[in-house]
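Here is the structure we will look at, set down as structure tokens.
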């Protein structure tokens, strides 16, 4: 769909049955990921959150954030928390006005993973246009040592043959070939899933990385006023320890639920127990914002 100006954002709108359900889940992936994180191509019956959510009665809209996938790739310096939140806000408006399908969605659950969660923070706090918020793989406190292997894995996007057909400016980075393990946690993770992760990887910009640090230090989430689920993998070295303190960062949310997923690293959707994680998310979602379009509740 077109955004204000000349940019566009791409996504996949999915539902089951003749018409979409009135509650849509808008899904944002993290740094070096695109919409495939939420609808993973390897063993989708196990690793696709979209399939599980649609089976539970929801409509889903998995987006390529600006700068990723089939969405526009502007100058990397323009990709900030504010500009990406504005893009998502325009998508939320379009969903509510019936511009994406025959259904004008009455309820919106905004879900993020990693940097996508930062964008979700800013969108929900700035525009107050969503009904519930899922934050995964992101918290206000981070273990600094965990950032070292991630930072060491990043290289200019132009140096990776995977992106040879899509030259971008030097602020666009990706993980060097064979380095996707930095998002995982153990030798028992499925090698086929890690290979598929490598094949579907995307980019992150230096501005997005810098803005993540800004977001973690800012009181942005003080302005979030909807039910929130905050989740991390138990083996996520960056954020697992922070989960115990995270609810305090949402003082005006009517209810904040935290979930620590066993046997998972940073990429909860791609962990060996992804189906258990999806079950936990959907149990929360059905309680606070049902697929039927009923008002949110705690």
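Numbering (the numbering used here), first residue to last: 23 to 320. Where is the CB? At the ideal position from N, CA and C, for every residue including glycine. Fair warning: this is a prediction, and the values are worked out from it, not measured in the lab.
Is it true that the CB of residue j sits closer than 7 Å to the CB of residue i?
i, j, result
"residue 202", "residue 220", "yes"
"residue 160", "residue 139", "yes"
"residue 137", "residue 230", "yes"
"residue 60", "residue 68", "no"
"residue 255", "residue 292", "no"
"residue 101", "residue 48", "no"
"residue 135", "residue 150", "no"
"residue 123", "residue 30", "no"
"residue 233", "residue 90", "no"
"residue 116", "residue 127", "no"
With distance defined between alpha-carbon atoms, name the residue in the options nearest to residue i.
i, options, result
"residue 192", "97, 71, 47", "97"
"residue 303", "43, 29, 74, 34", "74"
"residue 183", "54, 171, 196, 152", "196"
"residue 222", "51, 39, 55", "55"
"residue 273", "163, 299, 264, 243", "243"
"residue 179", "165, 194, 108, 167", "194"
"residue 125", "95, 154, 45, 204", "45"
"residue 99", "300, 227, 207, 158", "227"
"residue 239", "207, 163, 297", "163"
With 16 as the cutoff for other CB atoms within 10 Å, does residue i come out buried or exposed?
i, result
"residue 88", "buried"
"residue 235", "exposed"
"residue 319", "exposed"
"residue 58", "buried"
"residue 314", "exposed"
"residue 85", "buried"
"residue 186", "exposed"
"residue 173", "exposed"
"residue 33", "buried"
Might you give, ordered along the chain, the residues of its own chain that have their beta carbon closer than 7 Å to the beta carbon of residue i, omitting 5 neighbours on each side?
i, result
"residue 106", "87, 88, 141"
"residue 37", "43, 76, 81"
"residue 284", "256, 295"
"residue 27", "none"
"residue 205", "287, 288, 289"
What residues in its chain sit with their C-beta under 8 Å from that of residue i, if we drop five residues either side in the sequence?
i, result
"residue 279", "249, 250, 251, 252, 306"
"residue 13", "Lying before the first or after the last residue shown, residue 13 is absent from the chain, which here runs from 23 to 320."
"residue 144", "103, 104, 106, 107, 237, 242"
According to DSSP, is residue i helix, strand or coil?
i, result
"residue 188", "coil"
"residue 227", "strand"
"residue 319", "coil"
"residue 261", "coil"
"residue 301", "helix"
"residue 116", "helix"
"residue 159", "coil"
"residue 181", "helix"
"residue 175", "helix"
"residue 194", "strand"
Flag residue i as yes when its Cβ comes closer than 6 Å to any non-hydrogen atom of the ligand MG, and as no otherwise.
i, result
"residue 175", "By its list of ligands, the structure shown contains no ligand whatsoever, and the ligand MG lies outside what it can speak to."
Between which residues of its own chain and residue i is the CB-CB distance below 6 Å, once the five residues before and five after are set aside?
i, result
"residue 281", "253, 302"
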